[in-house]
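Numbering (the numbering used here), first residue to last: 92 to 236. Glycine included, every Cβ here is placed at the ideal spot set by N, Cα and C. Inspection log for the structure reproduced underneath, given as structure tokens.
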């Protein structure tokens, strides 16, 4: 797939809105839906799944991304996020880091009053740590100090 169009982003956001309805959020009642668009043109969605032990809660963005990776995808163009709030909610820090694993140039699509709001993931995770920060496979270990 080439560069997504505004209609592609709207479709992705609609998928996030739809899957949000399936969220399991009995504790916070904060439902989240997410959809990722792979470079193949296929989209994958996921919703948040809470746990009484909050640290075990799965965020919608990571569920959608894991679904895509399980299907063999490795390159992504965009992620859309939908909640029940009137204002857009951007991904949490953990989700930003996980999304960045697959490329900081991914577009984050959030609902807006006048249509989707688009932000590059890099703008939400400036100076983030990524695969390029590690030595190449088989490379020398870092020097001892």
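Would you list the one or two residues that DSSP bridges to residue 201? The partner list for residue 201 (beta bridge, DSSP) reads 208.
Opposite residue 115 in the DSSP bridges: which residues? According to DSSP, which records beta bridges pairwise, residue 115 is partnered with 140.
What separation, rounded to the nearest whole angstrom, lies between the Cα atoms of residue 92 and residue 129? Those two C-alpha atoms are separated by around 8 Å.
Mapping the DSSP letters down to three states, classify residue 184 as helix, strand or coil. Residue 184 falls in the helix class under three-state DSSP.
Beta-carbon within less than 6 Å of residue 171's beta-carbon, same chain only, minus the 5 sequence neighbours each way: which residues are those? Excluding sequence neighbours, residue 171 sits near 103, 104, 107, 126 and 200.
Are residue 173 and residue 207 close, meaning C-beta to C-beta below 8 Å? No; because the gap between Cβ atoms is not below 8 Å, this pair is not in contact.
With H, G and I counted as helix, E and B as strand and the rest as coil, what does DSSP make of residue 146? In this structure, DSSP gives residue 146 a helical state, which the three-state scheme calls helix.
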